[in-house]
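Heads up: the sequence shown begins at 26 in this note's numbering, then just goes up one per residue.
First up is the structure itself, then whatever we jot down about it.
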Amino acid sequence: MNRGTFAEQKLEAAKYFHARGMQRLPCFRKTSVLVYDRRKRCRATLTYYSNNYTSAGNNPLRRLEDLGTRSFGIILEFEAVILPTTLNIERDVWNQLACEENLKRPLDYQIQFAFRRKPEYVISQVFNWTNDATRVTLLASRKCQIYLQKTFLSTSCIETTLSFLSQLKKSNIRYAIYSSQLSSEELARALKVLNICELLEGDFRDGQESSYIFGRDSFTYGLPDTELYLLMAQVLGQLPIKCIVFSDNHLAIEAACELGMKSVILTKTARSWELSNADIVVPSLQGLSFRNLQNLFTLDVYD
């Protein structure tokens with residue numbers, strides 16, 4: 026018996042439920058977000074299709090939990106959360122690289138603009154050192170080596186970070202880590218040294234990298250472009266509006282606001298004119314709890 030195509034069956038089912046005053050739960054939820062397309066330099070509407078309903082199956086309690094405040098994803102910036110890096114450290118790294126390679130030392134305002142941006146972009150577009158692709162790659166790789174040498178000297182905040190990540194794991198909250206300075210391979214090695222691999226989902230055996238870490242080679246455009254956060258939200262299995270970004274700079278706030286994400290900024294220097302759009306501003310992870318993160322989505326649920 027020919028029952029028609031899938032689209033025809035879906036239409037008949039919709040008419041059946043509508044005629045009886047019932048609403049059928051859709052298999053996919055459609056969400057549209059207004060974003061800024063930096064390639065075309067115009068506003069664009071981005072549409073997401075999420076299958077969070079089907080992942081819960083026919084269990085209404087599981088479905089309620091997915092739609093409530095207990096289901097969300099965490100996006101962590103390596104340079105802000107795992108190994109906090111200040112502007113002074115970045116200045117020393119760039120100056121040392123310039124001395125080693127006999128390049129023009131960058132000015133202070135150039136270093137401030139380059140803070141948290143991809144090294145390849147900074148070398149070719151901000152400092153104007155070279156446009157040769159091979160040379161740019163070598164300089165970026167050397168910059169990352171100097172950065173790791175300086176940051177691994179002080180790991181005083183790692184105990185607080187490990188405690189926070191353990192709390193997320195106990196609460197069954199998925200999280201992913203990204204770095205704008207390190208490649209995926211370098212980031213994986215750094216996480217192994219810091220003993221964070223055990224708390225991170227994914228496979229680190231036999232030299233394989235976890236799917237929950239993203240280096241600078243995982244995305245084409247750096248922040249405030251939204252490409253990276255969209256990719257990480259997809260890996261976490263959450264809509265962008267159900268993700269929280271942990272960072273320490275205004276570039277992350279701008280990208281998070283464009284996608285409707287929540288943002289938690291870790292900083293000890295008050296810069297209200299840059300951080301006004303952040304949802305939470307705290308000096309460290311010690312002042313955060315799982316309840317604080319849940320409260321970020323409370324208004325969204327009741328709206």
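The C-beta atom is built at its ideal place from N, Cα and C for all residues, glycine as well.
Tyr237 versus Leu225: straight-line alpha-carbon distance, rounded
7 Å
Using CA atoms only, rank isn't needed, just tell me which of Asp273, Gln311 and Gln263 is closest to Ser96.
Gln263
Using alpha carbons as the reference points, say which of Lys287, Gln135, Arg241 and Glu184 lies closest to Pro109.
When the alpha-carbon of Pro109 is set against those of Lys287, Gln135, Arg241 and Glu184, the nearest one is in Glu184.
Our contact map puts Lys175 next to Ile107 with C-beta atoms below 8 Å; I'd like the distance itself, whole angstroms only.
Wrong, their Cβ atoms sit about 15 Å apart, outside the cutoff.
Can the beta-carbon of Leu112 be found less than 7 Å from the beta-carbon of Lys168?
Cβ distance not < 7 Å, so Leu112 and Lys168 don't count as in contact.
Which residue marks the beginning of the beta strand (DSSP E) containing Glu184, and which one marks its end?
Element bounds for Glu184: not the beta strand (DSSP E) but the alpha helix (DSSP H), Ile183 to Lys195.
Within the continuous beta strand (DSSP E) that includes Tyr254, where are the two ends?
Taken as a continuous stretch (DSSP letters only), Tyr254 belongs to no beta strand (DSSP E), being part of the alpha helix (DSSP H) at Glu252 to Leu261.
Measure from the alpha carbon of Tyr134 to the alpha carbon of each residue in Glu125, Asn127 and Val147, then state which is nearest.
Val147
So which of Phe322, Leu276 and Glu299 has the shortest CA-CA distance to Arg141?
Leu276
Work out the CA separation of Lys129 and Asn302 for me, nearest whole Å.
36 Å
Looking at the secondary structure, which residues open and close the beta strand (DSSP E) in which Lys129 lies?
Run containing Lys129: none; DSSP gives neither H nor E here.
Assign Arg316 to buried or exposed, taking buried as 16 or more other Cβ atoms, counted over all protein chains shown, within 10 Å of its Cβ.
exposed
Can you tell me the Cβ-Cβ gap for Phe103 and Leu212, rounded? I've got them flagged as a contact below 8 Å.
Distance from Phe103 to Leu212 at the Cβ level is roughly 6 Å; contact confirmed, criterion being Cβ atoms closer than 8 Å.
Neighbour flag for Ser272 against chain C, beta carbons, 7 Å
Within the model displayed, chain C is absent; a lone protein chain is all it includes.
Please work out which residues of its chain come closer than 8 Å, Cβ to Cβ, to Pro144, disregarding the five sequence neighbours upstream and downstream, and give them in chain order.
If the five residues before and after Pro144 are omitted, its C-beta is found closer than 8 Å to the C-beta atoms of Leu164, Ala165, Lys168, Cys169, Gln206 and Arg241, all from its own chain and listed in chain order.
Can you give me the C-alpha to C-alpha distance between Pro265 and Ser309, rounded to a whole angstrom?
24 Å
Identity of the residue in Cys282, Phe239 and Cys268 nearest Pro249 by Cα
Cys282
Is it buried or exposed, Ala201, if we count other Cβ atoms within 10 angstroms and call 16 or more buried?
Answer is buried; the Cβ neighbour count reaches 16.
How big is the Cα-Cα spacing for Lys194 and Thr186?
12 Å
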